[in-house]
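Numbering-wise, numbering that gives the first Met the number 0 puts 111 at position 112 of the first sequence, and it's gapless, one number per residue. Contents: one structure, followed by commentary.
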Amino acid sequence: MSGSSSSECARIVRVLEGHYGHIPWWPGDTDEVLIGAVLTQQTRWENVVRALGLLKENSLCSVSALYDADHGEIERAIRCTGFYRVKTKRLKALATFVIEEYGGLALMAGYPTELLREGLLRVSGIGEETADSILCYGFHRSSFVIDAYTHHICGCAGIPEQKSRLKALFEEVLPSDPGTYRQTHAHIVEYAKEYCGKKRCEACILMNSNG
DNA sequence: GACCAGGTCCTTG
DNA sequence: CAAGGACATGGT
């Protein structure tokens, strides 16, 4: 608890890897990851899964289908994720970006990570976390995701930094391998869900006392 | 019934 | 630039 921030990051990565090992996380094709990344904004993943199921039943679970769909039918399918009106607009904006700027996901996949990230951040409703989730889980790029859980856990571990700083720290510490990026983020979120209660956060106690 | 969830945008100070 | 509110449904 007295090391540099980057060594603290490395410690988190090491400890959680030992604790969880490999866990499957965010399976699904690129279309599904893009859509899920928007739907999960400020929303429980279980509700996102339901919405993805409804989208599939209505043949709407793809970027190209959303591009063609009416707002009403999208809203109906994703209502259970909350913020359904604004999320429908965001999905439409994202689909429009992918189709009109790149001609589809397959072509988009041929471009470098930084270019894609800049583009995604220009889409209304796509912020840093959503963009990085799309890059990391949808396009298998080494772009580390800092979400609320990660931010919180880093605070527990004695790294009270801004999200942008944390992203740089993890990217400095991790090997440049997309699989490791995905796995590490998954570990952190699983750990947070397991140990961060509402009233008292057990993770803060565990991570400070011991490695 | 209050409180929170794997954010982002817009408005204020 | 930091802080606060809006967006909305579903679970505890």
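Glycine is no exception: its CB is placed at the ideal position from the N, C-alpha and C atoms. Please read all numbers here as calculations on a predicted model, not as lab measurements.
In this model, residue 53 and residue 90 are separated by some 15 angstroms (Cα to Cα).
For residue 50, the enclosing alpha helix (DSSP H) starts and ends at 44 to 56. Counting of Cβ neighbours within 10 angstroms places residue 142 among the buried residues, the total reaching 16 or more. Under the DSSP assignment, residue 31 falls in the alpha helix (DSSP H) whose first and last residues are 29 to 38. The segment 139 to 154 and the segment 187 to 196 touch, with no fewer than 3 CB-CB distances between them shorter than 8 angstroms.
Separation of residue 62 and residue 113 (C-alpha to C-alpha, rounded to the nearest whole angstrom) is 21 angstroms.
Cβ-Cβ distances below 7 angstroms link residue 133 to 32, 33, 36, 119 in the same chain, with the five nearest sequence neighbours on each side left out; the list follows chain order. Where residue 182 is concerned, the enclosing alpha helix (DSSP H) starts and stops at 177 to 194. Runs of alpha helix (DSSP H) with 4 or more residues, each lying fully within the segment 114 to 173, are found at 127 to 132, 147 to 155, 162 to 172, listed in chain order.
Separation of residue 19 and residue 7 (C-alpha to C-alpha, rounded to the nearest whole angstrom) is 18 angstroms.
By the CB criterion at 8 angstroms, residue 122 and residue 93 fall inside the cutoff.
Its chain contains 8, 143 as the residues whose beta carbon lies nearer than 6 angstroms to that of residue 169, once the 5 sequence neighbours on both sides are disregarded; these appear in chain order.
As DSSP reads the structure, residue 200 sits in a beta bridge with 195. In this structure, the CA atom of residue 64 is about 15 angstroms from the CA atom of residue 28. Residue environment analysis places residue 86 among the buried positions, since at least 16 neighbouring C-beta atoms fall within 10 angstroms of its C-beta. Counting the other CB atoms within 10 Å of its CB gives residue 40 a total of 16 or more, which places it among the buried residues.
Annotation for residue 12: 183 place their beta carbon closer than 6 angstroms to its own, counting only its chain and skipping 5 residues before and after.
Comparing C-alpha distances from residue 139 to each of 116, 181, 103 shows the shortest one belongs to 181.
Of 177, 79, 95, the smallest CA-CA separation from residue 69 is found for 95.
Per DSSP, residue 67 is one residue of the alpha helix (DSSP H) stretching across 62 to 67.
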